[in-house]
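I have placed the structure first, in the form of structure tokens, so that the comments after it can refer back to it.
Residue numbers (the numbering used here): 24 to 116.
As structure tokens, then:
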């Protein structure tokens, strides 16, 4: 009712993950609301989230872990980020 059409869904996996978002699709899809799941989203489940029409985007720290930053492991961060971009691209086809 207040026009907030983009909502953070955190912690996604603990709160029911993909199953919960599918359940929310029924009563809320007609409103145009979209969710951004965060918390427990990773390379192995990102595609499943991204294929849901009620999901606008995902977030995940698996791409840029603090340890990788501390180690200045830019090549691994670059590779993990490229993997995430590829996951997003394949889900939008």
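For each residue, glycine too, the CB sits at the ideal point set by N, CA and C.
Which of the three DSSP states is assigned to residue i in this structure?
i, result
"residue 42", "helix"
"residue 59", "strand"
Only counting the same chain, and skipping five residues up and downstream in sequence, which positions put a Cβ closer than 7 Å to that of residue i?
i, result
"residue 82", "59, 61 and 64"
Apart from the five residues on each side of it in sequence, which residues of its chain come closer than 8 Å, Cβ to Cβ, to residue i?
i, result
"residue 31", "58, 59 and 61"
When every heavy atom of the ligand FAD is checked, does at least one fall within less than 7 Å of the C-beta of residue i?
i, result
"residue 90", "This structure lacks the ligand FAD, and indeed carries no ligand of any kind."
Less than 8 Å between the CB atoms is what I'm expecting for residue i and residue j, so what's the real figure, rounded?
i, j, result
"residue 106", "residue 66", "6 Å"
"residue 70", "residue 98", "Wrong, their Cβ atoms sit about 24 Å apart, outside the cutoff."
"residue 111", "residue 73", "6 Å"
Beta-carbon within less than 6 Å of residue i's beta-carbon, same chain only, minus the 5 sequence neighbours each way: which residues are those?
i, result
"residue 56", "28"
Let me check one thing: in DSSP terms, what residues is residue i bridge-paired to?
i, result
"residue 28", "Paired residues: none, contrary to the question."
Compare the C-beta of residue i with all C-beta atoms of chain C and state if any pair is closer than 8 Å.
i, result
"residue 104", "Among the chains of the structure shown, chain C does not appear; only one protein chain is present."
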